[in-house]
Amino acid sequence: MHFIQESMFHIHLIMAISWIGGSVFMFVLGVSLRDKKVQQEVYPHIGPIFGWFELLALIALLISGFYLGSYYNLFVLLLHPNGSG
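If you read the sequence shown in this note's numbering, its first letter stands for residue 247, the second for the next number, and so on.
Quick look at the structure:
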């Protein structure tokens, strides 16, 4: 069981880094491409790839987050009225 918990933690960490890093990449790309013609050439190629990558990263984040939240009883602490579980 320790292997699964450790793997979920690493998956969660890597997907969070990828999700935030991808968003920063798209922001920097949008700022650096000031020419509208270049933007219209680049975005149709990068946009769909980025969208699918971000969707998969978000799904992996949610799955691993729910697993880790239940493993560490974080939902009990979060939903308990006085926060002490």
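We put the beta carbon where it would ideally sit given N, CA and C, even for glycine.
For residue i, does the three-state DSSP call read helix, strand or coil?
i, result
"His256", "helix"
"Leu308", "helix"
Using a Cβ-Cβ cutoff of less than 7 Å, which residues in the same chain neighbour residue i once the five nearest sequence positions on both sides are dropped?
i, result
"Tyr317", "Gln251"
"Met254", "Ser310, Tyr313, Leu314"
"His326", "none"
"Phe296", "Gly268, Met272"
With burial defined as no fewer than 16 other Cβ atoms inside 10 Å of the residue's Cβ, what is the status of residue i: buried or exposed?
i, result
"Ser269", "exposed"
Output needed for residue i: all residues of its chain with C-beta closer than 6 Å, excluding positions within five of it in sequence on either side, in chain order.
i, result
"Ile266", "none"
If you drop the 5 nearest sequence neighbours on each side, which residues of the same chain put their C-beta closer than 8 Å to that of residue i?
i, result
"Leu279", "Gln285, Val288"
* Mind listing, in chain order, the continuous alpha helix (DSSP H) runs of no fewer than 4 residues lying wholly within the stretch 276-328? => 282-317, 320-325
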